[in-house]
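Asker: Once you've had a glance at the structure underneath, I'll fire off some questions.
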Amino acid sequence: MKRNFFVLLSVFVLASMLLAACGAPAAPATEVAEPVAPAAEEPAAPAAEEPAAMPEFVADKYEAPDCEYGGIIKSIEAVDAYTVKFTLCAADPAFPSKIAFSSFAVQPKEHLEATGGSPLENPVGTGPYQVAEWKRGEELIFKAYDGYWGEKAKATTLVFRWQSEAAARLLELQSGTVDGIDNPGPDDFAVIEGDANLALINRPALNVFYVGFTNTFAPFDNELVRQAIAMSIDRSRIVDNFYPAGSEVASHFSPCAIPGACEGEDWYAFDPAKGKELLAEAGFADGFATKLFYRDVVRGYLPQPGVVAQDIQAQLKENLNIDVTIEVQESGTFLDNADSGALDGMYLLGWGADYPDMTNFVDYHFGAGSSKQFGNKFDDIVVTLKDAASLAMDSDRAPLYAKANDLIKQHVPMIPVAHGGSAVAFKATVEDGHASPLGNEYFAVMGNGGDTFVWMQNAEPISLYCADETDGESLRACEQVTESLLRYEVGGTAVEPALAESYEANTDLTEWTFQLRQGVTFHDGSAFDANDVVASLVLQWDATHPLHKGNTGAFSYWSGLFGPFLNAPAE
Amino acid sequence: MSPEKKTTVANLDAEGITLESVSLWQTTWRRLFKRKSSMVGLAIILIMIFIALTAQWLAPYDPYQVLIGKEEVKMRQAPCIHLLGCPADQPQHIMGLDGNVRDQFSRLLYGTRLSLLVGFSTVTLAIVIGTVLGAISGYFGGWVDTIIMRLMDVLLAFPSLLLAIAIVTVLGPGLINALLAIGIVSIPAYARVVRASVLSVREMDFVSATRALGGNTYEILFGRILPNALTPLIVQGTLGIATAILDAAALSFLGLGAQPPTPEWGAMLGSERNQVFTAPHLVFYPGLAIMIVVLSFNLLGDGLRDALDPRLAHASS
Chain H
6 MKRNFFVLLS VFVLASMLLA ACGAPAAPAT EVAEPVAPAA EEPAAPAAEE PAAMPEFVAD
66 KYEAPDCEYG GIIKSIEAVD AYTVKFTLCA ADPAFPSKIA FSSFAVQPKE HLEATGGSPL
126 ENPVGTGPYQ VAEWKRGEEL IFKAYDGYWG EKAKATTLVF RWQSEAAARL LELQSGTVDG
186 IDNPGPDDFA VIEGDANLAL INRPALNVFY VGFTNTFAPF DNELVRQAIA MSIDRSRIVD
246 NFYPAGSEVA SHFSPCAIPG ACEGEDWYAF DPAKGKELLA EAGFADGFAT KLFYRDVVRG
306 YLPQPGVVAQ DIQAQLKENL NIDVTIEVQE SGTFLDNADS GALDGMYLLG WGADYPDMTN
366 FVDYHFGAGS SKQFGNKFDD IVVTLKDAAS LAMDSDRAPL YAKANDLIKQ HVPMIPVAHG
426 GSAVAFKATV EDGHASPLGN EYFAVMGNGG DTFVWMQNAE PISLYCADET DGESLRACEQ
486 VTESLLRYEV GGTAVEPALA ESYEANTDLT EWTFQLRQGV TFHDGSAFDA NDVVASLVLQ
546 WDATHPLHKG NTGAFSYWSG LFGPFLNAPA E
Chain R
14 MSPEKKTTVA NLDAEGITLE SVSLWQTTWR RLFKRKSSMV GLAIILIMIF IALTAQWLAP
74 YDPYQVLIGK EEVKMRQAPC IHLLGCPADQ PQHIMGLDGN VRDQFSRLLY GTRLSLLVGF
134 STVTLAIVIG TVLGAISGYF GGWVDTIIMR LMDVLLAFPS LLLAIAIVTV LGPGLINALL
194 AIGIVSIPAY ARVVRASVLS VREMDFVSAT RALGGNTYEI LFGRILPNAL TPLIVQGTLG
254 IATAILDAAA LSFLGLGAQP PTPEWGAMLG SERNQVFTAP HLVFYPGLAI MIVVLSFNLL
314 GDGLRDALDP RLAHASS
């Protein structure tokens, strides 16, 4: 027994040594293949030390040799001190929405170099607050930045605290030690609403919960069967009974807060008689037996998976005489099976927005590049979405999304059920308290009449370098300190200017030029210019960049939104 | 009974055995009757059996009926008992409503049926297979004994619940499969008990006599030895029902046993375990039901053991 253990151990050690040995030569190889990038990087260094001296500005440019590497960025360049230009490999109408995301916030180039590419606890930004002190495990203290270019923060000190238990958060709010809390428990909504000293604000739901079908398995290969089921699930019964306040029955696949999402007809009304008729027409007058898969994981879009699964089971039995066997799978297995189209029945899944654009919802699920999660793709939907994605203006895209939504309704690849809501709660005296659909509440506009504003969220931030964080609790903290070229409006999803005053794109949406705001200073007093933007983004983009360190080095949002890294190590 | 037999049955050996076993059951019953705890256990079991048989008349609702739209009720509503001051205009739900807005009391009653079914059937399965294996092993000895008993040792080496989980994983989740798994896992206990008592009975005079009279193996083993080796099996079986019910509830709790919407106690507990603070009635009652049933079988089993074994009875009383 013991000997086996040691044999196993030594095999592991050997294997890891082999892996390390194979990994090492791969890196130099790609560096050799990419001489353009580092060469362009070096001459910029002296110029950046004197950013104030305008005539001496040496613009940084970073360019991929070609688009073969798989990502959508071709080049990022500082045209002059206050102009940044992005060249893309393919048209991307959602580019402004993506670049506004807080992972792409700008920090001074010098600061990034000084911290070796991982300013985990001491970010320097341009935002209304700067980090004053982070007592790990206790609290995170920000103080207002006097030199902020926009409207100054109302409270001079902002404190973040955290508590994982919803009941304990509410207790703190009730006792008055904090001014606002995130995610009160659904059972406590009534308590908060009934308390004159507190205010409950529902967070609009930017997600969708759906019942998917794999259309390669009988009887779900029959469109009539899918339509029949779509009409025979009482979705408002599910939302009314099993979802917290602030949730909505889904009228379309994408939540209506996203431009273009709710064009076209509303989803089928609940009509079990019609459903029964359709099912009979399809040849299943007496129903059939099938399976319903789900993973027992609580998400904002599906707060009670087991209960909802059982209710759908009961409804299908009652309305269509379909016998449903419920099968729970482990989360990872379930997602793999769904993606590969291996679930031979129906399944419960959902989606939360990364950035507020239709492409993040419909293209991901029904577009040309979507997985096999619904079985075979529907060509007419694919074509319509492709046309829509190549247009820039929301008004031009709207009719196409109306068509796409109608096609989705006709083909029923899945049944959109709900947009799950959550909430935040404040003291009633807090001015401009709000909840953001993207989870980035902006505290500079909130005031409680005093100097210190205390916010309590679910968990401690992991780090404050959000280029390499995906956790909402971390992102919210970063968003008080650092800013991106653009930002989402307070409490909404529309994109508005931030560090860039304006932007424009060429007609085929492959070149985006941003005019930067002048006279902006960082918290450390240094001036903001185009090279800071290039530096902040390039170190994420290029996997071999000396500052491509971050916290774990994953930079998930970059690869998620812009595709593979430049010089990505071969797997 | 005995006088008639005396005149009709010629075989003295058989007569002796019959007489002894009759008096054994009588004394056992007498001893058992004297122990209050085992009588309480027996009473509870009888009540449970009654509930299980009459669940469809006792239950106020269909256990699968979702009450949304049928009544003015909410998900996970607390119990409403008219006798205890719940307004009469509200529908009565003695144990409240579960997460899917079904009557918890009705589900609990139907759950009795399932739990007892699981308990009796798994133990029956295990006893039948275990007895055959143990008897063969004990009677023949030699390499047969070695092979069977080492096999049983291997089964015993695994923690029983873990082994059951492994079996269910292979067979696929479901009540029947869980039942099979628990049955298989509990075979070794019975096989060992039977083997031990067969070994002790095998060399007794009446067995030798039957052998001398030319009885074949089948007759000796199943006609003479086994009937006289059964008493420890009864004790083991009664206690085993308790374990089986507990194991089945554990498997269902983990989602490997009864599948939704089946009203199984363990599954009911498992699906509402996160609501232990907000809706305690949903975990309290199924938990209590499991406890009562298991306790009653344990009480009865303990009583039976003491009653069947005079030495132990004296020691414990």
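Taken in order, these protein sequences are the chains called H and R.
Throughout, my numbering is defined as the position within the first sequence, counted from one, plus 5.
Throughout, my numbering is defined as the position within the second sequence, counted from one, plus 13.
By construction, the Cβ of each residue, glycine as well, lies at the ideal position given by its N, Cα and C atoms.
Predicted model only: the values in this text are computed from it and were never measured.
(1) Nearest to H:K382 by CA position, among H:F371, H:W356 and H:S241, is which residue?
(2) Can you give me the start and stop residues for the beta strand (DSSP E) that H:F214 sits inside?
(3) Is it the case that the stretch 321-341 of chain H contacts the stretch 193-207 of chain H, given that we only count it when at least three CB pairs across the two stretches are under 8 Å?
(4) Distance, Cα to Cα, H:P310 vs H:A173?
(5) Between R:L184 and the rest of its own chain, which residues show a CB-CB distance below 8 Å, the 5 nearest in sequence each way excluded?
(6) Expressed to the nearest angstrom, what Euclidean distance is found between the alpha-carbon atoms of H:A475 and H:G380?
(7) Between which residues of its own chain and R:G54 is the CB-CB distance below 6 Å, once the five residues before and five after are set aside?
(8) What are the boundary residues of the beta strand (DSSP E) that H:K140 is part of?
(9) So, is the C-beta of H:A548 closer than 7 Å to a C-beta in chain R?
(10) With 16 other CB atoms within 10 Å as the buried threshold, where does H:N342 fall?
(11) Tell me which residues of the stretch 329-343 of chain H have at least one Cβ-Cβ distance to chain R shorter than 7 Å, keeping chain order.
(12) Please report whether the beta-carbon of R:S284 lies at a distance below 7 Å from any beta-carbon of chain H.
(13) What are the boundary residues of the alpha helix (DSSP H) that R:M61 is part of?
(14) Starting from H:D368, follow the alpha helix (DSSP H) in both directions and report where the run begins and ends.
(15) Let me confirm a value: H:Y562 is counted as buried when at least 16 other C-beta atoms fall within 10 Å, else exposed. Which label applies?
(16) Using CA atoms only, rank isn't needed, just tell me which of H:A373, H:P421, H:A503 and H:P189 is closest to H:V216.
(17) Taking the Cβ atom as the reference point for each residue, do H:Y153 and H:Q135 lie within a distance shorter than 7 Å?
(18) Check whether chain H comes within 7 Å of R:P76, counting only Cβ atoms and requiring the distance to be less than that.
(19) Got a sec? Which residues, its chain only, sit under 7 Å from H:S376 by beta carbon, not counting five neighbours each side?
(20) In three-state terms, what does DSSP make of R:T41?
(21) Please classify H:M461 as buried or exposed, where buried requires at least 16 other C-beta atoms within 10 Å of its C-beta.
(22) Expressed to the nearest angstrom, what Euclidean distance is found between the alpha-carbon atoms of R:Y298 and H:E335?
(23) Indicate whether the contact test is met: 3 or more Cβ pairs, each with one atom in the stretch 228-248 of chain R and one in the stretch 206-218 of chain R, closer than 8 Å.
(24) Could you tell me if H:P574 is buried or exposed, where buried requires 16 or more neighbouring beta carbons within 10 angstroms of its beta carbon?
(25) Tell me the DSSP secondary structure of H:Y352 in three-state form.
(26) Quick one, which residues of the stretch 263-280 of chain R are near chain H if we go by CB-CB under 8 Å, in chain order?
(27) Touch check for the stretch 423-433 of chain H and the stretch 200-209 of chain H: three-plus C-beta pairs under 8 Å?
(28) How long is the line joining the alpha carbons of H:G457 and H:I146, rounded to whole angstroms?
(29) If you measure from the beta carbon of R:I81 to each beta carbon in chain H, is any gap under 7 Å?
(30) In angstroms, rounded to a whole number, what distance separates the CA positions of H:I467 and H:L163?
(31) Could you say which of H:S107, H:F165 and H:A69 lies nearest to H:C471 if we only look at CA atoms?
(32) If contact means a Cβ-Cβ distance below 7 Å, which residues of the stretch 287-313 of chain R contact chain H?
(33) In terms of residue numbering, what span does the beta strand (DSSP E) encompassing H:D187 cover?
(34) Any heavy atom of the ligand COA within a distance shorter than 6 Å of the CB on H:A535?
(35) Could you work out which residue in H:Q378, H:N220, H:F247 and H:K408 is closest to H:H424 when comparing CA atoms only?
(36) Under 7 Å, Cβ to Cβ, is there at least one residue of chain H near R:M108?
Answerer: Straight from the coordinates:
(1) The option with the nearest alpha carbon to H:K382 is H:F371.
(2) The continuous beta strand (DSSP E) containing H:F214 extends over residues N212 to F218.
(3) Because the criterion of three Cβ pairs below 8 Å is not met, the stretch 193-207 of chain H and the stretch 321-341 of chain H do not touch.
(4) Near 24 Å, if we compare the C-alpha coordinates of H:A173 and H:P310.
(5) Sequence-distant Cβ neighbours of R:L184 in its own chain, meaning closer than 8 Å and more than five residues away, are N190, L193 and A194.
(6) It should be noted that the sequence gives Thr, not Ala, for residue 475 of chain H. Their Cα atoms are separated by approximately 30 Å.
(7) S309, L312 and L313, listed in sequence order.
(8) Its beta strand (DSSP E) spans residues Y134 to K140.
(9) Judged by the 7 Å Cβ criterion, H:A548 is not in contact with chain R.
(10) Answer is buried; the Cβ neighbour count reaches 16.
(11) Under the 7 Å Cβ criterion, the stretch 329-343 of chain H contributes T330, I331 and V333.
(12) R:S284 counts as touching chain H.
(13) Segment K49 to L66, the alpha helix (DSSP H) holding R:M61.
(14) Looking at the DSSP string, H:D368 is not in any alpha helix (DSSP H), and its letter there is neither H nor E.
(15) So H:Y562 counts as buried.
(16) Considering only alpha carbons, the answer is H:P421.
(17) For the pair H:Y153 and H:Q135, the CB atoms are not nearer than the 7 Å cut-off.
(18) R:P76 does not count as touching chain H.
(19) Excluding residues within five positions, the ones whose Cβ falls inside 7 Å are D344.
(20) Three-state DSSP puts R:T41 in a helix.
(21) Here H:M461 is buried. Its C-beta has 16 or more other C-beta atoms within 10 Å.
(22) Approximately 29 Å between the Cα atoms of the pair.
(23) The stretch 228-248 of chain R is in contact with the stretch 206-218 of chain R.
(24) An exposed status is given to H:P574, since fewer than 16 other beta-carbon atoms sit within 10 Å of its beta-carbon.
(25) Strand, per DSSP.
(26) Going along the stretch 263-280 of chain R in chain order, one finds G268, Q272, P273 and P274 with a Cβ nearer than 8 Å to chain H.
(27) With contact defined as three or more Cβ pairs closer than 8 Å, the stretch 423-433 of chain H and the stretch 200-209 of chain H are in contact.
(28) Correcting the residue identity first, residue 457 of chain H is Thr in this sequence and not Gly. So the two alpha carbons sit approximately 10 Å from each other.
(29) For R:I81, the closest Cβ of chain H is nearer than 7 Å.
(30) Annotation: H:I467 to H:L163 spans about 18 Å, alpha carbon to alpha carbon.
(31) Nearest of H:S107, H:F165 and H:A69 to H:C471, Cα basis: H:S107.
(32) Those residues of the stretch 287-313 of chain R that come within reach of chain H (Cβ to Cβ, closer than 7 Å) are T291.
(33) For H:D187, the enclosing beta strand (DSSP E) begins and ends at G185 to D187.
(34) Of ligands this structure carries none, so the ligand COA is not represented either.
(35) Relative to the Cα of H:H424, the nearest Cα in the group H:Q378, H:N220, H:F247 and H:K408 belongs to H:F247.
(36) It does not; no Cβ of chain H falls within 7 Å.
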